[in-house]
Amino acid sequence: MTLSPGKLPIGRQIFSDIIQKNMIYVDKTAILADLISGDPLVRFLSRPRRFGKSLTVSTLEAVFSGQKELFKGLAIEERLDEECFAPRPVIKLDLSLVHAGLGVEGLRKDLAELTDPLAVRLGVSQSVEDDPYSKKVSFNKTLVNLIEVCAKNSGRPVAVLIDEYDKPDLSFMRRSAEMEDAREVLRDYYTQLKAAEKDISLIFVTGISKFSRRGIFSVFNNVFDISIMPEFGAICGFTQQELESDFPGHIEETAQALRISPTELLDKMRDYYDGFCFDGVTRVYNPFSILQFFKVKKFDNFWFESGTSLYLAQYLRDKRLTVEQFRGLAVDREFARNPGEMDKATPESFLYQAGYLSLRPGNDPDSFTLDYPNREVLKSMSRLLLENIFGSLEKIRFLIRDLTLAFKSRDPAGVIQVFQEVLAPIPYDDYVAANRKTFESLNKVDYGEFLYRAVLLSFLDLIGLTP
818 MTLSPGKLPI
828 GRQIFSDIIQ
838 KNMIYVDKTA
848 ILADLISGDP
858 LVRFLSRPRR
868 FGKSLTVSTL
878 EAVFSGQKEL
888 FKGLAIEERL
898 DEECFAPRPV
908 IKLDLSLVHA
918 GLGVEGLRKD
928 LAELTDPLAV
938 RLGVSQSVED
948 DPYSKKVSFN
958 KTLVNLIEVC
968 AKNSGRPVAV
978 LIDEYDKPDL
988 SFMRRSAEME
998 DAREVLRDYY
1008 TQLKAAEKDI
1018 SLIFVTGISK
1028 FSRRGIFSVF
1038 NNVFDISIMP
1048 EFGAICGFTQ
1058 QELESDFPGH
1068 IEETAQALRI
1078 SPTELLDKMR
1088 DYYDGFCFDG
1098 VTRVYNPFSI
1108 LQFFKVKKFD
1118 NFWFESGTSL
1128 YLAQYLRDKR
1138 LTVEQFRGLA
1148 VDREFARNPG
1158 EMDKATPESF
1168 LYQAGYLSLR
1178 PGNDPDSFTL
1188 DYPNREVLKS
1198 MSRLLLENIF
1208 GSLEKIRFLI
1218 RDLTLAFKSR
1228 DPAGVIQVFQ
1238 EVLAPIPYDD
1248 YVAANRKTFE
1258 SLNKVDYGEF
1268 LYRAVLLSFL
1278 DLIGLTP
């Protein structure tokens, strides 16, 4: 019997939209119930782009807005009558709408406009004001007043949901001259939340990066970071069990399209897309890649290619990074929790926060190792490295073609010839100078040998010959 595949929520980030249009919703509400019923005022979740952070925020908004009808049949339904889930005012701040294009002045304007619709409805003035003494522009108490009015009118404290809190900061990474001024504006804005603390029941914050002691972390003394806690390891992304239980129709349909069995398909999907891990234990699939894969029924690098690959390629080129040098790199729990600001981060910290490196179990409970989450990311990183070295994607395609043919025809001389062509253009001295320190701390063999091996392995990654 062919199963009905169900509607894929591609590009959907609004919980009510997914439920009302009968799209597939992977039920995360049991985890969200544990999050809501906790004690800390400020809770923070870090996840890479396109991992469902905005959908998580939207689901919390629906809970606190009292939209019980949306949760019928979901895990949280039986708990919605508890006091901690009672309806209350919600102030949602979507900082993905804030841009760096107009500089610091534009940042102030965008921040002031985040709550415009709610402020207009409640008659709260929205403005910023000049400080004649510091010669800086600071926010007045607009957000404080808005929270106070909401709490007073409802008789209940307010839930504040901040999505993509670091989007403005990341946007200013390429405008270094303005970055510190931009951060000062953000700290000034977040300070209003501290001032309104008595009228707030919960502040939930999402972002890609962890700016220690920056932005919201410099405002609040105690931020409860759930990012690497095992009980929240699957709050975003699809586990293997969720993939198989929530998408059986799509698995069957895609297996038929690719002319393989469902079991073979799941094995291939596990190799290509599974493996993101944020707590060292729980492995998840990126939702964006899975939904796109079921739509087009073709293995491709959907998540990776949806990001800023040009910026990443330039970053790898500037740092003279290889792909292999980060695999198996030992890190401790403090690194996983607090890897540092991305604009000043080490390469492994930058790649880890951006999602290109994932946690794996270490030698003890307080340690981890780093690796690429899956074949999608490994192949994509390998391609960027080779493009940096050869400067031409067309040249890489020819070499991959020749190497594939040589392996298929069992031609050792042909394999060696292609390997020689691969190794010839490597800018050896540049890579040695840039990476000697990192390399020597991780490996005990000659760097030149490692560099050549790393480039060859990247070629083998692209043609699928590495485990």
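Every number in our numbering is 817 more than the matching position in the sequence shown, counting from 1.
Don't be surprised by glycine CBs; every beta carbon is placed ideally from N, CA and C.
Subject >> Whole-angstrom distance between Phe-1064 and Pro-822, CA atom to CA atom >> reply: Rounded to whole angstroms, Pro-822 to Phe-1064 spans 7 Å at the Cα level.
Subject >> Proximity below 8 Å, CB of Phe-1185 to CB of Ala-1153 >> reply: One thing to note: Phe-1185 has its Cβ within 8 Å of the Cβ of Ala-1153.
Original post:
Run through DSSP, which three-state label would Val-874 get?
Top reply: It is helical.
**OP:** Please list, in chain order, all residues of the same chain as Ile-835 whose beta carbon is under 6 Å from its beta carbon, the five residues on each side excluded.
**Re:** Within its own chain, the residues whose Cβ lies closer than 6 Å to the Cβ of Ile-835, once the five positions on either side in sequence are excluded, are Pro-826, Arg-829 and Tyr-842, listed in chain order.
Subject >> Of the listed residues Val-915, Ala-929, Phe-1167 and Asp-1188, nearest to Arg-1100 (C-alpha basis) >> reply: By alpha-carbon distance to Arg-1100, the top candidate from Val-915, Ala-929, Phe-1167 and Asp-1188 is Asp-1188.
Original post:
Going by the beta-carbon positions, is the gap between Arg-815 and Arg-905 smaller than 8 Å?
Top reply: In the structure as shown, the chain begins at 818 and stops at 1284. Residue 815 is therefore absent and cannot be evaluated.
Subject >> Limits of the beta strand (DSSP E) - the one that Ala-1074 falls within >> reply: No beta strand (DSSP E) contains Ala-1074, which is instead part of the alpha helix (DSSP H) from 1065 to 1075.
Original post:
Which of helix, strand or coil does DSSP assign to Phe-1185?
Top reply: The answer is strand: DSSP assigns Phe-1185 an E or B state.
**OP:** For Val-1262, count neighbouring Cβ atoms within 10 angstroms of its own Cβ and tell me buried if that reaches 16, exposed if not.
**Re:** Residue placement at Val-1262 is flagged as unreliable, the pLDDT there being 47, under the threshold of 50; a coordinate-derived value is accordingly withheld.
Original post:
Where does Met-818 land, buried or exposed, given buried means 16+ other C-beta within 10 angstroms?
Top reply: Here the model assigns Met-818 a pLDDT of 48, short of 50, so the residue's position is not dependable, and the following value carries that caveat. So Met-818 counts as exposed.
Original post:
Ala-936 by DSSP, collapsed to three states: which one?
Top reply: It is helical.
Original post:
Is Ser-1123 helix, strand or coil when you go by DSSP?
Top reply: In this structure, Ser-1123 counts as coil in the three-state DSSP scheme.
**OP:** Check Ser-1018 in the structure and name its three-state DSSP category.
**Re:** Three-state result, Ser-1018: strand.
Original post:
Less than 8 Å separating the beta-carbons of Ala-1130 and Glu-1204?
Top reply: Cβ distance < 8 Å, so Ala-1130 and Glu-1204 count as in contact.
Original post:
What's the C-alpha gap between Ile-1107 and Glu-886?
Top reply: Ile-1107 and Glu-886: Cα-Cα distance of roughly 28 Å.
**OP:** Report the residue from Glu-1048, Leu-1075 and Leu-1083 whose alpha carbon sits nearest the alpha carbon of Ser-1062.
**Re:** Comparing alpha carbon positions, the residue from Glu-1048, Leu-1075 and Leu-1083 closest to Ser-1062 is Leu-1083.
Subject >> Start-to-end residues for the alpha helix (DSSP H) that takes in Ser-1106 >> reply: Looking at the DSSP string, the run of the alpha helix (DSSP H) that includes Ser-1106 is 1104 to 1113.
Original post:
Where do the ends of the beta strand (DSSP E) carrying Lys-1196 lie?
Top reply: Residue range 1192 to 1207 is occupied by the alpha helix (DSSP H) that includes Lys-1196, with no beta strand (DSSP E) assigned at that position.
Original post:
By a C-beta neighbour count over all protein chains shown, 10 Å radius and 16 as the cutoff for buried, is Glu-1165 buried or exposed?
Top reply: Label assigned to Glu-1165: buried.
Original post:
Terminal residues of the continuous alpha helix (DSSP H) containing Ile-835?
Top reply: Per DSSP, Ile-835 belongs to the alpha helix (DSSP H) from 832 to 837.
Original post:
Anyone know if the C-beta pair for Leu-1273 and Val-1239 falls short of 8 Å?
Top reply: Result yes, Cβ atoms of Leu-1273 and Val-1239 sit closer than 8 Å.
Original post:
So who's on the other strand from Val-1235, going by DSSP bridges?
Top reply: DSSP output for Val-1235 lists no bridge partner at all.
Original post:
Would you say the region 1045 to 1055 touches the region 1087 to 1101, given that touching needs at least three Cβ pairs under 8 Å?
Top reply: Yes: at least three Cβ pairs fall under 8 Å.
Original post:
The beta strand (DSSP E) spanning Leu-1168 covers which residue range?
Top reply: Per DSSP, Leu-1168 lies in no beta strand (DSSP E) segment; the continuous alpha helix (DSSP H) that holds it begins and ends at 1164 to 1171.
**OP:** Within the same chain, show all residues whose beta-carbon is closer than 7 Å to that of Tyr-1089, passing over the 5 residues directly before and after it, in chain order.
**Re:** Within the same chain, Tyr-1089 has close Cβ partners Phe-1116, Asn-1191, Arg-1192 and Glu-1193.
Original post:
Taking just the CA atoms, how far does Ile-1206 sit from Pro-1244?
Top reply: Answer to the nearest angstrom: the Cα atoms are 7 Å apart.
**OP:** Would you check if the region 1014 to 1024 and the region 843 to 851 touch, i.e. whether three or more CB-CB distances between them fall below 8 Å?
**Re:** They do not touch, by the three-pair rule.
Original post:
Between Leu-912 and Lys-984, is the Cβ-Cβ spacing less than 8 Å?
Top reply: With contacts defined as CB atoms closer than 8 Å, Leu-912 and Lys-984 qualify as a contacting pair.
Original post:
Using the beta-carbon count (16 or more within 10 Å), is Tyr-1128 buried or exposed?
Top reply: By the neighbour-count definition (other C-beta atoms within 10 Å, threshold 16), Tyr-1128 is an exposed residue.
Subject >> Beta-ladder partner(s) of Ile-910, from DSSP >> reply: A small correction: the amino acid at residue 910 is Leu; Ile does not occupy that position in the sequence shown. DSSP lists Ile-979 as the beta-bridge partner residues of Leu-910.
Original post:
Nearest to Ser-993 by alpha carbon, out of Met-1159, Ser-1123 and Thr-1056?
Top reply: Measuring C-alpha to C-alpha distances from Ser-993 to each of Met-1159, Ser-1123 and Thr-1056 identifies Met-1159 as the nearest.
**OP:** Provide the residue(s) that pair with Leu-862 in DSSP beta bridges, ordered along the chain.
**Re:** For Leu-862, which the question treats as bridged, DSSP gives the partners Thr-1023.
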